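Novice: Residue numbers (this note's numbering), protein chains in the order written: chain A, 38 to 221; chain B, 220 to 759. A virtual CB, placed ideally from N, CA and C, is assigned to each residue, including glycine. These figures come from a predicted structure and were not determined experimentally. The structure under discussion is supplied below as structure tokens; questions concerning it will follow.
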Amino acid sequence: MIKPVDNHKLAAKLLLGVTLMFGFGFALVPLYDVFCRVTGINGKVDLTPGAYLAGAISSRSIKIQFIAVNNQTMPWKFKPKEPSMNVKLGQTYQTAYLAANMTENDMVAQAVPSVSPSAAAAYLQKVDCFCFNRQPLAAGEQKEMGLAFNILPGMPEYIKTITLSYTLFDITAADGKELASAQQ
Amino acid sequence: MTPSTEQIVSKDIEDQAVQATGFEDHHGPAKGFSRWLYTTNHKDIGSMYLWFSLAMFMTGGCMALLVRLELFQPGLQFLEPEFFNQMTTMHGLIMVFGAVMPAFVGLANWMIPMMIGAPDMALPRLNNWSFWILPFAFSMMLMTLFMDGGGPNFGWTFYAPLSTTFAPPSVTFFIFAVHMMGISSIMGAINVIVTILNMRAPDMKMMKLPLFVWTWLITAFLLILVMPVLAGVVTMMLMDIHFGTSFFSAAGGGDPVLFQHIFWFFGHPEVYIMILPAFGIISEIIPTFSRKKLFGYSSMVYATSSIAFLSFIVWAHHMFTVGMPLAGELFFMFATMLIAVPTGVKVFNWVATMFRGSMTFETPMLFAIAFVVLFSIGGFSGLMLAIAPADYQYHDTYFVVAHFHYVLVPGSIFSIMAGVYYWLPKWTGNYYDEQMGKLHFWLSFIGINITFFPMHFVGLAGMPRRIPDYALQFADFNAISSVGAFIFGFSQLLFIYNVVCCIRKRNQASKQVWEGANGLEWTLPSPAPYHTFTTPPKVD
Chain A
38 MIKPVDNHKL
48 AAKLLLGVTL
58 MFGFGFALVP
68 LYDVFCRVTG
78 INGKVDLTPG
88 AYLAGAISSR
98 SIKIQFIAVN
108 NQTMPWKFKP
118 KEPSMNVKLG
128 QTYQTAYLAA
138 NMTENDMVAQ
148 AVPSVSPSAA
158 AAYLQKVDCF
168 CFNRQPLAAG
178 EQKEMGLAFN
188 ILPGMPEYIK
198 TITLSYTLFD
208 ITAADGKELA
218 SAQQ
Chain B
220 MTPSTEQIVS
230 KDIEDQAVQA
240 TGFEDHHGPA
250 KGFSRWLYTT
260 NHKDIGSMYL
270 WFSLAMFMTG
280 GCMALLVRLE
290 LFQPGLQFLE
300 PEFFNQMTTM
310 HGLIMVFGAV
320 MPAFVGLANW
330 MIPMMIGAPD
340 MALPRLNNWS
350 FWILPFAFSM
360 MLMTLFMDGG
370 GPNFGWTFYA
380 PLSTTFAPPS
390 VTFFIFAVHM
400 MGISSIMGAI
410 NVIVTILNMR
420 APDMKMMKLP
430 LFVWTWLITA
440 FLLILVMPVL
450 AGVVTMMLMD
460 IHFGTSFFSA
470 AGGGDPVLFQ
480 HIFWFFGHPE
490 VYIMILPAFG
500 IISEIIPTFS
510 RKKLFGYSSM
520 VYATSSIAFL
530 SFIVWAHHMF
540 TVGMPLAGEL
550 FFMFATMLIA
560 VPTGVKVFNW
570 VATMFRGSMT
580 FETPMLFAIA
590 FVVLFSIGGF
600 SGLMLAIAPA
610 DYQYHDTYFV
620 VAHFHYVLVP
630 GSIFSIMAGV
640 YYWLPKWTGN
650 YYDEQMGKLH
660 FWLSFIGINI
670 TFFPMHFVGL
680 AGMPRRIPDY
690 ALQFADFNAI
700 SSVGAFIFGF
710 SQLLFIYNVV
720 CCIRKRNQAS
730 KQVWEGANGL
740 EWTLPSPAPY
750 HTFTTPPKVD
């Protein structure tokens, strides 16, 4: 005959399994981030400045498109200076995004980049980018925010067009705290 | 842990127990409501689960009929779009968590101890608790419909940020309701595993277990592995909404696609939680009415285990269109198609069991055969959806709605009905009305096919799901679907009437009930006494 003690032991083990799986659900959050960063999928890009490339300019050229997105209630005017460029791989180019704070309040913004197709994310090097810093604008102020980039010549052949998208977030309330995006 | 609360002994039930088990038994059910509130008896709890599930099935069904009423014609007739969204969402949530899952737990409570020769579930008090959480969870969920801003309106998959940033304020109650039903399922699953592993009659080896018990054992492990992940994901939502975290908010460095990954890591095993016990029920019924042993018993066990394993590595086929890399799409596409292999094994085994059997077509068998045919149709449309490049056309259309209703309605729901008709004489001691049962079957069978088959066509033609209005060219098929839905919905009243008559009208069932039935539960008298197998039976 089975003793209740055996039942309780097994139930306790199963309960431990439940607890571990609850933890695993939360562990998926950093695991997902790590997975995306290691594989470069999801278009998450490095927020560290890339190096200037001298000499290694290839003859292959591709098209790069620029997109500006305002997150939710972000009221600024935000758009790329040029909608697209034809660029040679390996050469460093300069362009800019235009931002205007049309409100009556001083505000701080943070731009977060994303690259499509995601396979191109690892090859798009930002030499200098307004997304490296927070962007404060006084009420009514306008600004041209600079961007310098190059594309590593090793990029797979099938990629003919890259889309670089910036989403602008209002971080006025959170200014002064360290943001999750700044930790990367 | 023997319950000692019931002091009032009902004389005739004790007499039956004495007849059944051969020795005096001092416990009988208490009288009145406290019997149900305090009961630790697996049969009482099983019945409560089944009645609860029936109530939720009718509630969710009414919501579906409201949806079909609105979709009878293009344009907006009866419902505000906001309320329509709440109806589609609540219909899904209630059917998944309130109707299908509790029905299977109810069947497990009733049948598993009787099938393995155990006197009760292993943890009877936990069993009582896991049932009584449910009415509270669902009251809380249904209450949200009367709150400011209405109930959940973001679809049963509650994708963030629709369910966080843009959700109605009642979402917090929804989250707690999901927590509670999750706790209930986890406790139920622990109980099932402990019962099956520890409480089997001597000589009831694992590979002798009835398939319903096997499939439930595997289902219980799935529940333990994924329900905590669901609890985790709604907890993250709660924190995003109230505590300023940014798990799913891009503005704070989070990622909305992360929500879909975690949700479907739970969600795909969840759909197998809703079908594996159904496989078990069908594997009990088909051999009985074919008067043959089940073909390929061990391959059934291994096929079920493989399906359970595969369910953990296919989740992203629900989200092919989020912009996954090609390698990811290919992996999830092929892994998904692989599931067709063990599923095919099961379907062929059922067909082989029927082959050259001496078949009769009582109501449970009709439902079981309809299950095999219609579930296979749902399986095939699932294969079509698994093709990643084609999925871009099918995604979020009525084709998906047709697919999952074909596997859930004539799949899970038909199996539950088959199981209820099959075991009802054992539970009540009376045969149900066979003619009425058959009528119920044919009305349901015709009703669901009229409802869901045209959805394949409107889906392929591009009609999106979860929208109260549609383009004119979809009008005819939608009108047909709505007619079918009302036929199916109202024919369920026949089912309830039949069950109630079966409980009340004397039409004594024999011990074995069905001529071809084999297994420990059929060695007990009908109705099964309050306490059974207090001494373990001999298993040959």
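Could you tell me the alpha carbon to alpha carbon distance between residue 506(B) and residue 601(B), rounded to whole angstroms?
Specialist: Here residue 506(B) refers to the residue found at position 287 when the second sequence is read from its first residue. Here residue 601(B) refers to the residue found at position 382 when the second sequence is read from its first residue. Answer to the nearest angstrom: the Cα atoms are 27 Å apart.
Novice: How do the segment 255 to 262 of chain B and the segment 328 to 339 of chain B stand: do at least 3 beta-carbon pairs fall below 8 Å, yes or no?
Specialist: yes
Novice: Which residues of chain B have a Cβ atom closer than 9 Å to the Cβ of residue 167(A), listed in chain order?
Specialist: Residue 167(A) sits at position 130 when you count from the first residue of the first sequence. Here the premise fails: no neighbours, minimum Cβ distance about 17 Å.
Novice: Closer than 8 Å is the cut-off here; do at least three beta carbon pairs connect the segment 311 to 327 of chain B with the segment 621 to 640 of chain B?
Specialist: yes
Novice: Residue 740(B) to residue 458(B), Cα distance in whole Å?
Specialist: In the second sequence, residue 740(B) corresponds to position 521, counting from 1. In the second sequence, residue 458(B) corresponds to position 239, counting from 1. Using only the alpha carbons, I get a separation of about 48 Å.
Novice: I want to see whether chain B comes within less than 8 Å of residue 55(A), judged by CB atoms only; does it?
Specialist: As a working mapping, residue 55(A) is identified with position 18 in the first sequence. Chain B contact via Cβ: present.
Novice: Does residue 140(A) come within less than 8 Å of chain B when only Cβ atoms are used?
Specialist: The residue given as residue 140(A) occupies position 103 in the first sequence. Judged by the 8 Å Cβ criterion, residue 140(A) is not in contact with chain B.
Novice: Counting only runs of 3+ residues fully inside the segment 137 to 190 of chain A, write out the beta strand (DSSP E) ranges in chain order.
Specialist: 144 to 153, 161 to 166, 172 to 174, 179 to 188
Novice: Closest Cβ-Cβ distance between residue 500(B) and chain A: below 8 Å?
Specialist: Taking the second sequence and counting its residues from 1, the one referred to as residue 500(B) is at position 281. No, no contact with chain A.
Novice: Let me know the secondary structure DSSP gives residue 585(B) once reduced to three states.
Specialist: Position 366 of the second sequence holds residue 585(B). Three-state DSSP puts residue 585(B) in a helix.
Novice: Identify which residue in 626(B), 640(B), 611(B) has its Cα closest to the Cα of residue 582(B).
Specialist: Looking up residue 582(B) in the second sequence gives position 363. For the residues 626(B), 640(B), 611(B), the minimum Cα distance to residue 582(B) belongs to 640(B).
Novice: What separation, rounded to the nearest whole angstrom, lies between the Cα atoms of residue 752(B) and residue 495(B)?
Specialist: Within the second sequence, numbered from 1, the residue matching residue 752(B) stands at position 533. Within the second sequence, numbered from 1, the residue matching residue 495(B) stands at position 276. Each residue's alpha carbon lies about 27 Å from the other.
Novice: In terms of alpha-carbon separation, which member of 588(B), 732(B), 711(B), 553(B) lies closest to residue 645(B)?
Specialist: In the second sequence, counting from the first residue as 1, residue 645(B) sits at position 426. Considering only alpha carbons, the answer is 732(B).
Novice: Give me the Cβ distance between residue 124(A) and residue 204(A), rounded to the nearest whole Å; I'm assuming they're in contact under 8 Å.
Specialist: In the first sequence, the residue the question calls residue 124(A) occupies position 87. In the first sequence, the residue the question calls residue 204(A) occupies position 167. Not a contact, Cβ separation roughly 22 Å.
Novice: Starting from residue 324(B), follow the alpha helix (DSSP H) in both directions and report where the run begins and ends.
Specialist: As a first step, residue 324(B) is located in the second sequence; it is residue number 105 there, counting from the start. It spans 320 to 335 - the alpha helix (DSSP H) in which residue 324(B) sits, taken as one unbroken run.
Novice: When the distance is taken between beta carbons, is residue 370(B) closer than 8 Å to residue 282(B)?
Specialist: Position 63 of the second sequence, counted from the start, is the residue given in the question as residue 282(B). Position 151 of the second sequence, counted from the start, is the residue given in the question as residue 370(B). Contact: no.
Novice: Between residue 69(A) and chain B, is there a C-beta pair that is closer than 8 Å?
Specialist: The sequence position of residue 69(A) within the first sequence is 32, counting from 1. Taking Cβ atoms only, chain B reaches closer than 8 Å to residue 69(A), which makes this a yes.
Novice: Does the beta carbon of residue 157(A) come closer than 8 Å to any beta carbon on chain B?
Specialist: The sequence position of residue 157(A) within the first sequence is 120, counting from 1. So, not an interface residue.
Novice: Looking at the strands, I want to know which residues DSSP matches up with residue 697(B).
Specialist: Within the second sequence, numbered from 1, the residue matching residue 697(B) stands at position 478. Answer by DSSP bridge pairing: none, since residue 697(B) is not bridged.
Novice: Can you check whether the C-beta of residue 526(B) is within less than 8 Å of a C-beta belonging to chain A?
Specialist: Taking the first residue of the second sequence as 1, we reach residue 526(B) at position 307. So no, residue 526(B) is outside the interface.
Novice: Spell out whether any CB of chain C is found under 8 Å from the CB atom of residue 170(A).
Specialist: Included in the structure are the protein chains A and B, with no chain C among them.
Novice: List, in order along the chain, the chain A residues whose C-beta lies closer than 7 Å to that of residue 416(B)?
Specialist: Counted from its first residue, the second sequence places residue 416(B) at position 197. Going along chain A in sequence order, the residues near residue 416(B) (Cβ under 7 Å) are 47.
Novice: In whole angstroms, what is the alpha-carbon distance linking residue 378(B) and residue 734(B)?
Specialist: Counted from its first residue, the second sequence places residue 378(B) at position 159. Counted from its first residue, the second sequence places residue 734(B) at position 515. Rounded to the nearest angstrom, the two C-alpha atoms are 50 Å apart.
Novice: Taking C-beta pairs closer than 7 Å, name the residues in chain B that residue 145(A) reaches, listed in chain order.
Specialist: In the first sequence, residue 145(A) corresponds to position 108, counting from 1. The premise fails here: residue 145(A) is roughly 13 Å from chain B at the closest Cβ pair, so nothing lies under 7 Å.
Novice: Mind checking if residue 484(B) is an interface residue toward chain A, Cβ cutoff 8 Å exclusive?
Specialist: Along the second sequence, read from residue 1 onward, the residue named residue 484(B) stands at position 265. For residue 484(B), the answer is yes, since a Cβ of chain A falls inside 8 Å of its Cβ.
Novice: Mind checking residue 725(B): buried by the 16 CB within 10 Å criterion, or exposed?
Specialist: Position 506 of the second sequence holds residue 725(B). Burial call: exposed.
Novice: Taking only beta carbons into account, state which residues of the segment 538 to 565 of chain B come closer than 8 Å to chain A, listed in chain order.
Specialist: 542, 543, 544, 547
Novice: State whether the segment 446 to 463 of chain B contacts the segment 400 to 418 of chain B, with contact taken as three or more CB pairs (one from each stretch) at a distance under 8 Å.
Specialist: yes
Novice: Would you identify the three-state DSSP class for residue 117(A), choosing helix, strand or coil?
Specialist: Sequence index remark: in the first sequence, residue 117(A) carries index 80 (1-based). Reduced to three states, the DSSP call for residue 117(A) is strand.
Novice: Strictly below 9 Å CB to CB, what residues from chain A border residue 447(B)?
Specialist: Within the second sequence, residue 447(B) is the residue found at index 228, counting from 1. By Cβ distance, chain A contributes 54, 55, 56, 57, 58, 59, 60, 61, 62.
Novice: Going by beta-carbon coordinates alone, are residue 381(B) and residue 412(B) separated by less than 8 Å?
Specialist: Position 162 of the second sequence, counted from the first residue, corresponds to residue 381(B). Position 193 of the second sequence, counted from the first residue, corresponds to residue 412(B). No, the pair does not count as a contact, with Cβ atoms beyond the cut-off.
Novice: Confirm, please, whether the CB-CB distance from residue 48(A) to residue 443(B) is below 8 Å.
Specialist: Within the second sequence, numbered from 1, the residue matching residue 443(B) stands at position 224. Within the first sequence, numbered from 1, the residue matching residue 48(A) stands at position 11. No. Outside cutoff.
Novice: Is DSSP giving residue 652(B) helix, strand or coil here?
Specialist: Position 433 of the second sequence holds residue 652(B). DSSP places residue 652(B) in coil when its eight states are reduced to three.
Novice: Quick one: is residue 51(A) near chain B, going by C-beta distance under 8 Å?
Specialist: As a position in the first sequence, residue 51(A) is number 14, starting the count at 1. Closer than 8 Å: yes.
Novice: Please report the residue range of the beta strand (DSSP E) in which residue 206(A) lies.
Specialist: Position 169 of the first sequence, counted from the first residue, corresponds to residue 206(A). Where residue 206(A) is concerned, the enclosing beta strand (DSSP E) starts and stops at 198 to 207.
Novice: Beta-carbon within less than 7 Å of residue 566(B)'s beta-carbon, same chain only, minus the 5 sequence neighbours each way: which residues are those?
Specialist: The sequence position of residue 566(B) within the second sequence is 347, counting from 1. So the list reads 591, 595, once near-sequence residues are dropped.
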